[in-house]
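Trainee:
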DNA sequence: CGGTATCCGCTTTGATACTG
DNA sequence: CAGTATCAAAGCGGATACCG
């Protein structure tokens with residue numbers, strides 16, 4: 004989310020879902036409501052800092068809903084909004100593409 | 004293209020198409036063959052350095068074909084491979100999503 | 001025309017420690 | 001459990017200058 008104007012829809016979408024983690028978080032939430040710790044365990048390699056940072060951004064974008072249950076121990080649940088679900092659906096073909104070509108992609112030499 | 008293993012297809016796809024420019028370049032190439040200068044003019048705000056850098060990466064990924072015509076003045080044409088075209092197709096729903104929600108996205112407060 | 005090379009700042013990400 | 005704070009490292013991307 005860096006720009007204020009976009010040259011096309013794909014430009015806008017990449018800006019929203021861009022970065023290392025957002026698409027993964029979106030995907031992890033597609034099955035339903037998830038607690039903070041569940042998300043952390045579900046997304047390999049993400050730190051607490053990055054997870055909360057990305058979730059907060061996605062909350063301001065209106066993609067994610069954050070529900071705090073005031074109790075001890077604390078319980079915070081994250082879920083997709085309708086907007087988030089619509090984005091997730093738009094990502095399905097891309098996910099399928101990645102699935103189909105994953106072995107090819109992994110075989111590409113890096114540097 | 005930073006990882007060597009992926010947790011899911013979406014993870015892999017985002018790694019390939021991630022960054023500020025690749026999706027845009029892909030999209031610009033969807034109409035057919037393009038010369039270097041055409042691409043530069045077609046993608047608003049990109050520098051020569053970033054364009055060539057991204058094109059080279061996409062070439063090593065096998066998404067883009069680079070054809071050099073040895074003549075004066077030089078002429079280099081870029082086009083999508085079948086692999087690149089398949090990725091582009093997978094990006095269409097995302098582009099449509101962005102198109103539909105562009106005004107909403109632009110209205111999201113930054114910072 | 002179609003690049004390369006170098007430098008540099010800003011943002012993103014990671015590591016570690018701490019808290020209500 | 002669900003964060004916050006701080007610092008440091010890495011990487012992305014821009015500006016400028018130059019070349020075959």
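Protein chains in written order, with our numbering: chain A, 4 to 114; chain B, 4 to 114. For each residue, glycine too, the CB sits at the ideal point set by N, CA and C.
1. Please look up how many angstroms separate the CB atoms of residue 38 of chain B and residue 78 of chain B, rounded, as I've assumed it's under 8 angstroms.
2. Would you say residue 97 of chain B and residue 97 of chain A are within 8 angstroms of each other, going by their C-beta atoms?
3. Relative to the alpha-carbon of residue 54 of chain B, which residue among B:109, B:40, B:64 and B:65 has its alpha-carbon at the smallest distance?
4. Between the region 83-105 of chain B and chain A, which residues of the former have a C-beta closer than 9 angstroms to a C-beta of the latter?
5. Under 8 angstroms between the Cβ atoms of residue 35 of chain B and residue 66 of chain B?
6. Output needed in chain order: residues of the region 16-48 of chain B with a Cβ under 7 angstroms from some Cβ in chain A.
7. Would you verify that the beta carbon of residue 59 of chain B is, or is not, closer than 8 angstroms to some beta carbon of chain A?
8. Return the chain-ordered list of same chain residues with a C-beta closer than 8 angstroms to the C-beta of residue 81 of chain A, the five sequence neighbours on each side being excluded.
9. Would you say residue 49 of chain B and residue 30 of chain B are within 8 angstroms of each other, going by their C-beta atoms?
10. Round the Cβ separation of residue 19 of chain A and residue 95 of chain B to the nearest angstrom and send it over; I've been treating them as touching at under 8 angstroms.
11. Between residue 53 of chain A and chain B, is any beta-carbon pair separated by less than 8 angstroms?
12. Could you pull out every unbroken alpha helix (DSSP H) segment of at least 4 residues lying fully inside the region 23-73 of chain B, listed in chain order?
13. Inspect the beta-carbon positions of residue 101 of chain B and residue 14 of chain A and report whether they are closer than 8 angstroms.
14. Does the Cβ of residue 75 of chain A have 16 or more other Cβ atoms within 10 Å, making it buried, or fewer, making it exposed?
15. Between the beta-carbon of residue 93 of chain B and the beta-carbon of residue 85 of chain A, is there less than 8 angstroms?
16. Can you tell me where the alpha helix (DSSP H) with residue 17 of chain A in it begins and where it stops?
17. Show which residues of chain B have a CB atom less than 7 angstroms away from the CB atom of residue 69 of chain A.
18. Within the 8 angstroms Cβ cut-off, does residue 112 of chain B reach chain A?
19. If you follow the beta strand (DSSP E) that residue 78 of chain A is in, where does it begin and where does it stop?
20. So, with DSSP's three-state summary, where would you put residue 103 of chain B?
Mentor: Walking through what the data contain:
1. 7 angstroms
2. yes
3. B:40
4. 86, 89, 90, 92, 93, 94, 95, 96, 97, 98, 99, 100, 101, 102, 103, 104 and 105
5. no
6. 16, 17, 19, 21, 26, 27, 30 and 47
7. no
8. 32, 36, 37, 38, 39, 42, 58, 67, 68, 69 and 70
9. no
10. Actually they are not in contact, since the Cβ atoms of residue 19 of chain A and residue 95 of chain B sit about 16 angstroms apart, beyond 8 angstroms.
11. no
12. 25-31, 39-45 and 51-64
13. yes
14. exposed
15. no
16. 12-20
17. What residue 69 of chain A touches in chain B: nothing, since even the nearest Cβ is about 16 angstroms away.
18. yes
19. 78-83
20. helix
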